[in-house]
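Student: Using the working numbering, read the sequence shown as starting at 2 and increasing by one per residue. Backbone N, C-alpha and C fix where the C-beta goes; we use that ideal spot for every residue, glycine too.
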Amino acid sequence: MKNDFKISLESSLSKMKNSIRLELIFVFALCFVTSAALGKAAGVFLQNRNITARIDYSKGIDRMSVNGNLIGDEIKSKSISIDDKDKIQKIIDSCNDTSDLEKIMITDLNGKVLYKSNNADETQIDVYTTIKNSIKNSLEMMKNIQNIYGTNKGNEISRNREYISFYPINFSDGKAYLVVKGMPQYEIIYEKRYNPIPGTIVSFISFLTMFYFITNKKMKYIENISSGLIEISRGNLDHRIKSQGRDELALLSNNINFMAEELNNKMKAEREDERIKNELITNVSHDLRTPLTSIKGYLALIKDKRYEDETQMKQYINIAYNKSEKLEELINDLFEYTKLTNNAVNLNRQSISLNGLLEQLIEELVPICEETGVTITRSFPKRKFLVYLDPNKTARVFENLFINAIRYSMKPGDVEVSLREEKGAAVISIKNKCEPVSKEEVDKLFDRFYRLDKSRSSNTGGSGLGLAIAKSIVEIQGGKIKAEYSSGYMVFDVIFNLSDSRS
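1) Under 8 Å by Cβ, that's how I've got Ile-215 and Gly-229 pegged, so tell me the actual separation to the nearest angstrom.
2) Tell me which residue opens and which closes the alpha helix (DSSP H) that Met-220 is part of.
3) Could you check which residue in Lys-133, Glu-224, Thr-131 and Pro-392 has the C-alpha nearest to that of Asn-347?
4) If you draw a straight line from the C-alpha of Ile-318 to the C-alpha of Tyr-308, how long is it?
5) Do you know whose CA, among Gly-246, His-240 and Glu-441, lies nearest Met-260's CA?
6) Helix or strand or just coil, what does DSSP make of Gln-351?
7) Assuming Glu-75 is part of the beta strand (DSSP E), what are its boundary residues?
8) Count the other C-beta atoms from every protein chain shown that fall within 10 angstroms of the C-beta of Asn-196, then say buried if there are 16 or more, exposed otherwise.
9) Contact defined as beta carbons within less than 8 Å: I believe Val-418 pairs with Ile-377. What is the distance between those atoms, to the nearest angstrom?
10) Spell out a yes or no on whether the segment 326-342 and the segment 380-387 are touching, meaning 3 or more CB-CB pairs, one atom from each, closer than 8 Å.
11) Roughly how many angstroms separate the alpha carbons of Asn-111 and Arg-55, rounded to a whole number?
12) Asn-349 to Leu-499, Cα distance in whole Å?
13) Can you tell me whether Ile-132 sits near the ligand GTP, meaning its C-beta is under 7 Å from at least one heavy atom of the ligand?
14) With Val-492 and Ile-429 assumed to form a contact (beta carbons below 8 Å), what rounded beta-carbon distance in angstroms separates them?
15) Are the segment 168-180 and the segment 69-76 touching by the rule of at least three beta carbon pairs closer than 8 Å?
16) For Phe-403, I'd like the list of residues in its chain whose CB is within less than 6 Å of its CB, leaving aside the five on either flank, ordered along the chain.
17) So the candidates are Ile-198, Asp-84, Met-106 and Val-67; which of them puts its Cα closest to the Cα of Gly-44?
18) Spatial neighbours of Ile-107 within its chain, please: CB distance less than 6 Å, with the 5 preceding and 5 following residues excluded, ordered by chain position.
19) DSSP on Phe-497, reduced to helix/strand/coil?
20) Would you mind working out which of Lys-91, Glu-262, Ile-470 and Phe-33 sits nearest Lys-340, comparing C-alpha positions?
21) Taking Cβ to Cβ, would you say Asp-174 is nearer than 8 Å to Ser-82?
22) Would you call Val-67 buried or exposed, if buried means 16 or more other Cβ atoms sit within 10 Å of its Cβ?
23) Secondary structure at Met-411, three-state DSSP: helix, strand or coil?
24) By how many angstroms is the C-alpha of Lys-278 removed from the C-alpha of Glu-311?
25) Looking only at DSSP bridge pairs, what is Leu-387 linked to?
26) Tell me whether Lys-445 sits in a helix, a strand or coil according to DSSP, three-state version.
27) Just to confirm, is the Cβ distance from Met-65 to Tyr-164 under 8 Å?
28) Please report the Cβ distance between Leu-420 and Phe-447, rounded to the nearest whole angstrom; I am assuming they are in contact, meaning their Cβ atoms lie under 8 Å.
29) Using CA coordinates, which residue listed in Phe-33, Phe-46 and Phe-172 is at the minimum distance from Lys-88?
30) Determine, using beta carbons only, whether Ser-118 and Ile-93 come nearer to each other than 8 Å.
31) Would you kindly work out how many angstroms separate the C-alpha atoms of Ser-95 and Lys-182, rounded to a whole number?
32) Taking the CB atoms as reference points, tell me whether Leu-302 and Asn-265 lie closer together than 8 Å.
33) Does the Cβ of Ser-286 have 16 or more other Cβ atoms within 10 Å, making it buried, or fewer, making it exposed?
34) Only counting the same chain, and skipping five residues up and downstream in sequence, which positions put a Cβ closer than 7 Å to that of Thr-131?
35) Based on DSSP bridge pairs, tell me the residues matched to Pro-169.
36) So what's Val-375 in DSSP terms, helix, strand or just coil?
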């Protein structure tokens, strides 16, 4: 049972931490209950200190009324005659022996005093006036019976005015009036008076104070998020808002950070694209201008007939033609690379054998290898490696890699080509010995217009787009290509997924 309660409590606390709405409800309830308790305690404390005194006449009035009723009841019950002086006086004296403030009188119907207590001096009273004053005085005394001692003038008047009780009594042989008048005895009663206003004020102030301090951390977090947004809006996309907790505010800060990261990446990508575009324009302009300048120069020599003989003229024509072929190759490579990067190529995929494709390409490169003093050695398994690729585009990949290996290989030297299977994929490795290459240079090998040999240009080397084109073709067909330099050897690995129909 305890475990179930503990699990339920932990679950509730976890939900509360994940919801700012539940947190606020909990904080509000906590502040409300605590402030109510503090207000109640403050009220009790102030009540204990706010003690007031009041005059209570109720017991004195009750005593006077009881005396009057006792006299009347005793006379009636004993059937006493109106002329029985001893018995009547004895009854009056017995009721008046404890107080000298009360006057007890028995009068006839005309107001003549027949019997009276020792402290009474009256011999005749006005019955009508006495009855009137009795009623009026009784109402006033009852109205002021619980007035606070010494707080107003009316209370002082009440304290200095006689209280009159008027009772008709029946003797055995006649009727009479019983008049009891005098100052009723009083007592001072000390009371704790409760005033709800101080407790309410304490509750209100304590609620605001607790709510402020408890929610202060959240409010500072909201201010932090706000200042972070302002900082990001000013262009500082590297600024990040520190995430606190797991509620909606934390989710908001994470989303803002994600937004800033995405904007930052997009802006970096745009700047990089702009840089690459400017670099591309610069490189293209340079590589196009060089052969065009040569072609224009040789054609100008021919036009102005600045050659010694026809043999030299033909030599100029051949040079101009070769330059135009270089220019055409550069334009074709640039056009193809642009289509590849814009996904504007149509792939004619079919099942091809990598073994056969590589064998054919190597045979076609034999004349170039013999001319440059490079030998291509191969290491292929006997079984066929079938892949589902575009044969022409794939041939272009390996042609560029072979030409690059031959061009930058040590002379004389070997270019090693191997084919193997790794994790259901075909891996083609092209390895050649070359000059030392730094890691930074290796990372840039697939950048357009990048050449390892800075002295090379489109005149002495390729267009600078061969490896970039190869990388784009491999990737649009779902493959991977990577380069690595180690111990004097450059290795290019091309990875394609094998098709299911492999024999």
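Tutor: Per the coordinate set shown:
1) If you number the sequence shown from 1, residue 215 lands on position 214. If you number the sequence shown from 1, residue 229 lands on position 228. Rounded, the Cβ-Cβ distance is 23 Å, inconsistent with contact.
2) Taking the sequence shown and counting its residues from 1, the one referred to as residue 220 is at position 219. Segment 197-234, the alpha helix (DSSP H) holding Met-220.
3) Within the sequence shown, residue 347 is the residue found at index 346, counting from 1. Answer by Cα proximity: Pro-392.
4) Counted from its first residue, the sequence shown places residue 318 at position 317. Counted from its first residue, the sequence shown places residue 308 at position 307. Spanning the two alpha carbons is a distance of roughly 11 Å.
5) In the sequence shown, counting from the first residue as 1, residue 260 sits at position 259. Closest option to Met-260, Cα to Cα, is His-240.
6) Walking along the sequence shown from the start, residue 351 turns up at place 350. Looking at Gln-351 - three-state DSSP - the assignment turns out to be strand.
7) Taking the first residue of the sequence shown as position 1, residue 75 is located at position 74. First-last for Glu-75: 59-78, but that is the alpha helix (DSSP H), not the beta strand (DSSP E).
8) Stepping through the sequence shown from its first residue, residue 196 is reached at position 195. Exposed, since its Cβ has fewer than 16 Cβ neighbours within 10 Å.
9) Locating residue 418 in the sequence shown gives position 417, where the first residue counts as 1. Locating residue 377 in the sequence shown gives position 376, where the first residue counts as 1. Yes, they are in contact, since the Cβ atoms of Val-418 and Ile-377 sit about 6 Å apart, within 8 Å.
10) no
11) Here the question's residue 111 lines up with position 110 in the sequence shown. Here the question's residue 55 lines up with position 54 in the sequence shown. Cα to Cα, the separation comes out at about 40 Å.
12) Locating residue 349 in the sequence shown gives position 348, counting from the first residue. Locating residue 499 in the sequence shown gives position 498, counting from the first residue. Rounded to whole angstroms, Asn-349 to Leu-499 spans 17 Å at the Cα level.
13) By its list of ligands, the structure shown contains no ligand whatsoever, and the ligand GTP lies outside what it can speak to.
14) The residue given as residue 492 occupies position 491 in the sequence shown. The residue given as residue 429 occupies position 428 in the sequence shown. Not confirmed; about 11 Å, so no contact.
15) yes
16) By 1-based counting over the sequence shown, the position of residue 403 is 402. Around Phe-403: Leu-366.
17) Translated into the one-based positions of the sequence shown, residue 44 becomes position 43. Among Ile-198, Asp-84, Met-106 and Val-67, the Cα nearest to that of Gly-44 is on Ile-198.
18) As a working mapping, residue 107 is identified with position 106 in the sequence shown. So the qualifying residues of the chain are Leu-115, Tyr-116, Ala-177 and Leu-179.
19) The count along the sequence shown starts at 1 and reaches residue 497 at position 496. Residue state, collapsed to three classes: strand.
20) By one-based count along the sequence shown, residue 340 stands at place 339. Minimum Cα distance to Lys-340 is reached at Ile-470.
21) Within the sequence shown, numbered from 1, the residue matching residue 174 stands at position 173. Within the sequence shown, numbered from 1, the residue matching residue 82 stands at position 81. For Asp-174 and Ser-82, yes; Cβs fall inside 8 Å.
22) Locating residue 67 in the sequence shown gives position 66, where the first residue counts as 1. When all chains shown are included, Val-67 counts as exposed.
23) Locating residue 411 in the sequence shown gives position 410, where the first residue counts as 1. Coil.
24) Here residue 311 refers to the residue found at position 310 when the sequence shown is read from its first residue. Here residue 278 refers to the residue found at position 277 when the sequence shown is read from its first residue. Distance between the alpha carbons of Glu-311 and Lys-278 is about 45 Å.
25) On the sequence shown, residue 387 is found 386 positions in, with the first residue counted as 1. Per DSSP, Ser-354.
26) Your numbering for residue 445 matches position 444 in the sequence shown. Looking at Lys-445 - three-state DSSP - the assignment turns out to be coil, as it is neither helix nor strand.
27) For the purposes of this step, residue 65 is taken as residue 64 along the sequence shown, with counting starting at 1. For the purposes of this step, residue 164 is taken as residue 163 along the sequence shown, with counting starting at 1. Closer than 8 Å, so yes.
28) As a first step, residue 420 must be located in the sequence shown, where it is residue number 419. As a first step, residue 447 must be located in the sequence shown, where it is residue number 446. In fact, because the Cβ distance is near 22 Å, the residues do not count as touching under 8 Å.
29) Here residue 88 refers to the residue found at position 87 of the sequence shown. Lys-88 has its Cα closest to that of Phe-172, out of Phe-33, Phe-46 and Phe-172.
30) Numbered from 1 along the sequence shown, position 117 holds the residue referred to as residue 118. Numbered from 1 along the sequence shown, position 92 holds the residue referred to as residue 93. Contact flag set, yes.
31) As a first step, residue 95 must be located in the sequence shown, where it is residue number 94. As a first step, residue 182 must be located in the sequence shown, where it is residue number 181. For Ser-95 and Lys-182, the distance between alpha carbons rounds to 16 Å.
32) Taking the first residue of the sequence shown as 1, we reach residue 302 at position 301. Taking the first residue of the sequence shown as 1, we reach residue 265 at position 264. For Leu-302 and Asn-265, no; Cβs fall outside 8 Å.
33) Position 285 of the sequence shown, counted from the first residue, corresponds to residue 286. Classification for Ser-286: exposed.
34) Mapped onto the sequence shown, residue 131 falls at position 130. Excluding residues within five positions, the ones whose Cβ falls inside 7 Å are Ile-165, Phe-167 and Val-180.
35) Here residue 169 refers to the residue found at position 168 of the sequence shown. The partner list for Pro-169 (beta bridge, DSSP) reads Tyr-178.
36) For the purposes of this step, residue 375 is identified with residue 374 of the sequence shown, where counting begins at 1. Residue state, collapsed to three classes: strand.
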